[in-house]
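Protein chains: 2
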Amino acid sequence: MAEKFFSEKNLKFTLYDVHKVEDLLKHDRFGDYNRESFDMILDTAKNIGSGFMYPLYSEMDKNAPEYTGTTIKVNPAVRQYMNTSGEGGWINAMFPAEHGGQQMPLSLFNACMFIFASANYSLSVYPGLTTGAASLIYNYGSESLIKDYAEKMVTGKWQGTMALTEPEAGSSLSDVKTSAEPMPGGYFHIKGQKTFISAGDHDNADNIIHLMLARVKGAPAGVKGLSLFVVPKYRPADSGELEFNDVNCAGCYHKMGYRGAPIAQLSMGEVDDCRGYLVGEQNLGLTYMFRMMNEARINVGLGATAISSAAYYASLEYTRERLQGRKIDEKNPLNTQIPIIEHADIKRMLLQQRAIFEGSLSLMVYAGKLVDLTTVTEGEEREIYELLLDFLTPIVKTYPSEMGITSTSQAIQCLGGYGYSSEFPVEQYMRDVRIHPIHEGTTGIQGMDLLGRKVTMKKGAAVKIFLEEIQNAIDEAAGISGMESSASDLANAAALWKDTTYSLLGIAAKGEIDLFLADATLYLELSGILCIAWQWLLQGIALSKTDSGENSDSDKNFSKGKMFTLNYFYQYELPKIHGLALRLKNSDGLTLKMKPEFFED
Amino acid sequence: MAEKFFSEKNLKFTLYDVHKVEDLLKHDRFGDYNRESFDMILDTAKNIGSGFMYPLYSEMDKNAPEYTGTTIKVNPAVRQYMNTSGEGGWINAMFPAEHGGQQMPLSLFNACMFIFASANYSLSVYPGLTTGAASLIYNYGSESLIKDYAEKMVTGKWQGTMALTEPEAGSSLSDVKTSAEPMPGGYFHIKGQKTFISAGDHDNADNIIHLMLARVKGAPAGVKGLSLFVVPKYRPADSGELEFNDVNCAGCYHKMGYRGAPIAQLSMGEVDDCRGYLVGEQNLGLTYMFRMMNEARINVGLGATAISSAAYYASLEYTRERLQGRKIDEKNPLNTQIPIIEHADIKRMLLQQRAIFEGSLSLMVYAGKLVDLTTVTEGEEREIYELLLDFLTPIVKTYPSEMGITSTSQAIQCLGGYGYSSEFPVEQYMRDVRIHPIHEGTTGIQGMDLLGRKVTMKKGAAVKIFLEEIQNAIDEAAGISGMESSASDLANAAALWKDTTYSLLGIAAKGEIDLFLADATLYLELSGILCIAWQWLLQGIALSKTDSGENSDSDKNFSKGKMFTLNYFYQYELPKIHGLALRLKNSDGLTLKMKPEFFED
């Protein structure tokens with residue numbers, strides 16, 4: 000099995016050289032950090048990833064969680080990892096000091112998450128889910144909710160979850176039916192069903208704390224009537240002991256991949272004794288949830304990027320060792336076979352993987368830095384970062400997720416028949432990554448979000464900022480020897496994207512909203528390619544500055560490999576925008592006119 | 000679980016209306032058949048598929064074959080299916096009468112195989128492997144080999160295999176090392192290892208007969224020294240009893256999908272008692288094998304097409320039943336949710352699946368008919384069919400295989416979280432289809448075959464014929480109301496393909512063969528899209544002739560659905576050629592210049 004699942008050198012290059020996360024240190028919030036502590040934290044993450052998580056990667060897939068009738072049995076390593084995460088301060092690392100946190104920048108934290116997720120994606124999600132849930136309580140919950148729940152959760156002893164989805168309310172959260180009835184004791188009676196709840200129940204935590212959307216009786220229909228509740232599996236009784244809160248685990252689904260983490264079906268209030276505790280104000284539940292959504296969606300993109308990284312390194316190792324075939328001009332079958340990495344088509348498949356996940360990683364770090372900047376700036380400056388972050392989020396979530404399928408599939412292809420065998424590590428990566436275009440909002444939903452909301456918000460303010468950022472990169476690259484043509488290619492691509500966007504906005508202006516949005520998924524795909532091309536240009540610019548002439552051979556190989564990968568992206572991936580733009584500019588409503596009955600046969 | 004896995008109406012439309020397989024009946028070889036018997040055979044296949052195979056589809060995945068230490072335990076249904084196949088005459092259906100066969104046209108047989116493979120791909124391969132092996136014996140083996148082996152195999156009691164691959168010889172068959180030493184008794188001592196042998200050993204056949212490539216001692220190195228042998232697991236002893244032939248099953252791989260059929264590792268001659276019986280002449284082994292290769296590769300494309308068909312119908316059923324969300328202009332959350340098939344993006348995902356697999360099916364039937372025509376024609380006419388078939392084979396194998404990943408992935412996406420769950424049928428299809436870009440020659444190998452051999456053979460004769468066939472379709476479609484613009488789009492696409500081809504041939508003319516072939520995989524992808532666009536035009540032409548004005552509502556819906564799917568292909572899939580052609584015309588040898596050490600970090 001491959002031993003390497005990410006590149007420390009590339010991760011640091013992306014953090015420090017491309018996105019200059021050290022710039023964040025000048026802000027008070029991050030003043031306790033420096034480059035040295037950043038590196039130490041990355042080292043710690045690497046040790047946890049290599050030493051503890053990676054060795055469990057295959058085992059957790061092969062022995063997937065099972066429903067016991069009352070809970071879900073997961074690998075005992077989960078408890079150990081949750082404890083490690085709690086003790087190491089990973090769960091609340093990013094929280095502000097007043098919430099007991101370490102004020103770690105998200106850019107750095109996500110770099111660690113990238114390491115964890117590439118080591119073992121399933122295992123990596125347990126503490127992250129707790130982080131999200133605890134953060135909601137700290138930000139919007141009462142002091143007693145913080146004391147009773149959040150403080151326990153960050154120790155890693157209690158699991159947190161985000162309980163949104165119901166059997167009849169997946170993409171359509173406005174149809175959430177779980178009900179909450181106010182009771183004299185200040186709590187609410189909760190009744191309903193939830194499904195697909197990640198880590199929604201398991202036997203490796205002392206308690207499970209659900210941050211749950213429910214509808215207070217009499218609240219408005221739709222999303223405007225959703226409130227947020229803390230709904231624990233066990234609630235603290237007056238005695239101080241924990242008592243069962245009538246949150247019943249009704250089963251778990253078995254999954255194609257991502258099998259180390261269970262998704263539970265839950266049934267609340269079967270004996271009318273499920274208590275929920277309101278977080279913040281009534282009917283603002285979705286608002287609270289969505290304030291976390293950017294980060295949750297960056298997480299999905301990051302997870303997909305990490306899985307693709309691990310698949311790449313496994314396939315790279317194989318292609319270096321596997322001897323098969325000979326050079327095209329070598330006719331003598333008695334000469335020894337060559338490592339397959341010397342075949343052009345194998346190099347193409349490796350370059351494609353690298354172009355996808357290293358480009359994605361750069362975008363992930365960029366997005367993380369934007370989150371950090373929104374926490375340390377104010378006024379107009381902050382608004383710019385927020386707009387850009389909001390705009391990029393659907394792309395950040397989707398490009399790595401959708402292209403992760405292609406990337407991990409190429410890893411399989413590099414191994415041929417062995418790649419298809421479970422005895423080799425790569426097929427699991429393709430199964431694992433397939434969840435990402437689905438959870439936290441499907442690709443279709445992200446497309447509508449990008450085109451229907453983000454492009455149009457504040458009269459296109461985000462589009463303007465986005466294009467300015469791209470233009471800045473183009474201007475800089477145009478002056479760097481060897482990057483002129485990439486700069487020019489990106490300028491053309493940005494112009495094509497802008498044309499396409501205006502063409503679509505022209506449809507919206509005529510009020511034909513369904514036609515405007517019909518191919519939003521393709522628009523998202525087009526935008527993703529443009530974004531990653533931009534991120535590759537930023538990497539090229541950064542490279543040109545690190546080349547001091549005194550670089551080691553290893554540095555030179557890294558630098559050359561990067562430039563080849565940049566050129567690969569511009570030569571092989573970027574041209575895909577032409578087909579997409581052609582379609583988008585010819586919007587004819589084909590999918591609107593197609594009727595369900597025409598699918599009859 | 001979905002009950003429909005293919006469309007009888009579409010299959011018959013493709014056979015009879017698009018490709019007019021009834022035209023074959025005028026040839027003596029097929030003179031015993033008529034439309035009525037064709038339909039009866041299809042009905043029988045449908046009954047076997049629906050009644051027996053489909054219900055086992057999920058079970059055979061969940062309870063995969065296991066190595067027992069000496070053989071591989073498979074589902075007991077395998078024996079039953081092999082017997083059914085033998086008794087029903089399916090194994091030797093296409094063989095000529097003098098070989099005991101029914102002279103069934105491949106076009107019809109493949110239509111049945113499409114039904115079987117969409118019902119249960121893993122189960123469908125067992126008799127097909129026997130067919131291939133028995134066919135080799137009938138065509139090139141001695142009378143005694145026919146009597147001792149082939150005649151047993153076609154009963155379904157004995158399993159046949161194609162044993163080519165070795166641990167060090169996968170894509171590179173010239174490195175096959177299994178040795179054969181001539182012995183006084185007229186047989187050869189066989190010694191060596193084989194791996195990835197489909198159905199290479201299992202407990203549901205009375206004997207396993209390997210058609211095995213091995214190298215006679217002293218034979219030339221490379222592929223020119225390979226001979227073909229019958230190597231049975233049990234050989235008939237002088238007593239008439241069967242005795243063990245020292246063919247040892249050393250294990251099986253566990254696979255990502257396609258789990259109902261085992262791939263075995265074999266070890267021959269562990270106690271120096273493995274006998275092989277030469278088929279035909281020494282050193283012609285690969286030649287014999289490759290005469291079957293076109294059909295084997297059509298089979299792979301057909302399997303991928305079939306799996307995509309089954310995934311489509313499962314996702315179609317779900318999207319009709321699942322209520323989620325509302326129309327874009329519907330603001331009232333109290334109104335009931337709509338079936339998701341009414342959302343434009345869902346229709347797009349359904350149309351993409353249908354465009355891929357119905358386009359592929361048309362190409363499969365076309366290729367099958369070409370095979371049939373080569374068996375009933377002679378001289379120049381036959382050469383035209385052979386050239387076209389040889390040319391199309393890498394495309395026929397690859398387009399459905401590679402695009403089957405996309406197609407089945409869209410089926411998952413239509414089901415959202417349920418699609419990712421093993422409790423629903425679609426995730427298995429994506430796992431099952433992933434084998435197809437690998438087995439019977441990887442996509443990379445197919446690309447080199449298309450560009451390096453097929454484009455250039457006989458001074459480009461096949462290219463000329465291919466373009467003429469496309470032009471014929473364009474000319475006909477140009478005169479049909481409603482198809483003019485598709486005809487024109489295909490003309491432009493064919494021109495672009497031709498330009499690209501000439502541009503690449505210009506590189507070859509300069510002797511830069513490695514540069515010429517560097518992006519052969521992309522050229523294959525481009526060619527695949529062109530081919531499927533052509534097949535869709537042929538379907539449109541056929542539709543225009545079936546529209547009698549007296550069609551039933553069901554016929555009208557079918558016809559409208561087809562036209563929408565055709566237009567989908569032209570609007571969404573065909574434009575992808577621009578990006579590919581752009582890259583191919585700018586061949587700069589990027590993947591040739593990229594050195595293995597640049598992948599260091």
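Residue numbers (numbering that gives the first Met the number 0), protein chains in the order written: chain U, 0 to 600; chain E, 0 to 600. Glycine included, each C-beta is placed from N, C-alpha and C at the ideal position. Keep in mind the model is a prediction, meaning the values are calculated, not measured.
Note down, in chain order, each residue of its chain lying with its Cβ closer than 8 Å to the Cβ of residue i, except the 5 sequence neighbours on either side.
{"i": "Leu10(U)", "result": "Leu41, Ala110, Phe113, Ile114, Leu360"}
{"i": "Thr67(U)", "result": "Asp202"}
{"i": "Leu602(E)", "result": "As shown, chain E starts at 0 and ends at 600. That puts residue 602(E) outside it, with no answer to give."}
Can you look up residue i in the DSSP assignment and give me helix, strand or coil?
{"i": "Asn109(U)", "result": "helix"}
{"i": "Tyr66(U)", "result": "strand"}
{"i": "Gln158(U)", "result": "strand"}
{"i": "Cys530(E)", "result": "helix"}
{"i": "Tyr186(U)", "result": "coil"}
{"i": "Glu242(U)", "result": "strand"}
{"i": "Lys592(E)", "result": "helix"}
{"i": "Arg582(U)", "result": "helix"}
{"i": "Gln321(E)", "result": "In the sequence as displayed, the identity of residue 321(E) is Arg instead of Gln. The answer is coil: DSSP assigns Arg321(E) none of H, G, I, E or B."}
{"i": "Pro436(E)", "result": "coil"}
{"i": "Gly250(U)", "result": "strand"}
{"i": "Val299(U)", "result": "helix"}
{"i": "Ala168(U)", "result": "strand"}
State the beta-bridge partners of residue i as determined by DSSP.
{"i": "Leu212(E)", "result": "Leu227(E)"}
{"i": "Lys193(U)", "result": "Leu265(U)"}
{"i": "Leu277(U)", "result": "Phe228(U)"}
{"i": "Tyr233(E)", "result": "Phe243(E)"}
Once the 5 residues before and after residue i are set aside, which same chain residues still bring their CB inside 7 Å of it?
{"i": "Ala249(U)", "result": "Gln264, Leu265, Ser266"}
{"i": "Leu466(U)", "result": "Ala493, Lys497"}
{"i": "Ile479(U)", "result": "Ile540, Ser543"}
When you compare each of the options to residue i by their alpha carbons, which one comes out closest?
{"i": "Ile512(U)", "options": "Leu591(U), His201(U), Leu369(U)", "result": "Leu591(U)"}
{"i": "Ile71(U)", "options": "Pro261(U), Trp157(U), Lys463(U), Ala305(U)", "result": "Pro261(U)"}
{"i": "Asp245(U)", "options": "Thr373(U), Lys254(U), Gly275(U)", "result": "Gly275(U)"}
{"i": "Pro393(U)", "options": "Gly443(U), Gly131(U), Ser406(U)", "result": "Gly443(U)"}
{"i": "Phe289(U)", "options": "Asn138(U), Glu422(U), Leu525(U)", "result": "Asn138(U)"}
{"i": "Gln192(U)", "options": "Phe51(U), Ala213(U), Thr129(U), Ala507(U)", "result": "Ala213(U)"}
{"i": "Leu523(E)", "options": "Ala490(E), Ala460(E), Val454(E)", "result": "Val454(E)"}
{"i": "Asp272(U)", "options": "Asn46(U), Asp518(U), Met447(U), Ile189(U)", "result": "Ile189(U)"}
{"i": "Leu227(U)", "options": "Arg325(U), Ala580(U), Gly259(U), Leu163(U)", "result": "Leu163(U)"}
Can you tell me the Cα-Cα spacing of residue i and residue j, whole angstroms?
{"i": "Arg381(E)", "j": "Glu280(E)", "result": "26 Å"}
{"i": "Gly140(E)", "j": "Trp89(E)", "result": "21 Å"}
{"i": "Lys216(U)", "j": "Ser57(U)", "result": "46 Å"}
{"i": "Met0(E)", "j": "Asp174(U)", "result": "Low local confidence applies: a pLDDT of 45 at Met0(E) is under 50, so the model's placement there is unreliable, with the coordinate-based value given in what follows. Their backbone Cα atoms lie some 25 Å apart in a straight line."}
{"i": "Thr194(E)", "j": "Leu277(E)", "result": "21 Å"}
{"i": "Gly416(E)", "j": "Glu401(E)", "result": "24 Å"}
{"i": "Val432(U)", "j": "Pro399(E)", "result": "22 Å"}
{"i": "Arg582(E)", "j": "Ala532(E)", "result": "20 Å"}
{"i": "Tyr233(E)", "j": "Thr83(E)", "result": "23 Å"}
{"i": "Tyr365(E)", "j": "His18(E)", "result": "6 Å"}
{"i": "Gly588(U)", "j": "His435(E)", "result": "34 Å"}
{"i": "Pro595(U)", "j": "Arg296(E)", "result": "35 Å"}
{"i": "Ser314(U)", "j": "Val425(U)", "result": "7 Å"}
Excluding the 5 residues flanking residue i on each side, which residues of the same chain have their C-beta closer than 6 Å to its C-beta?
{"i": "Tyr567(E)", "result": "Leu350, Ala354"}
{"i": "Tyr569(E)", "result": "Ser485, Asp488"}
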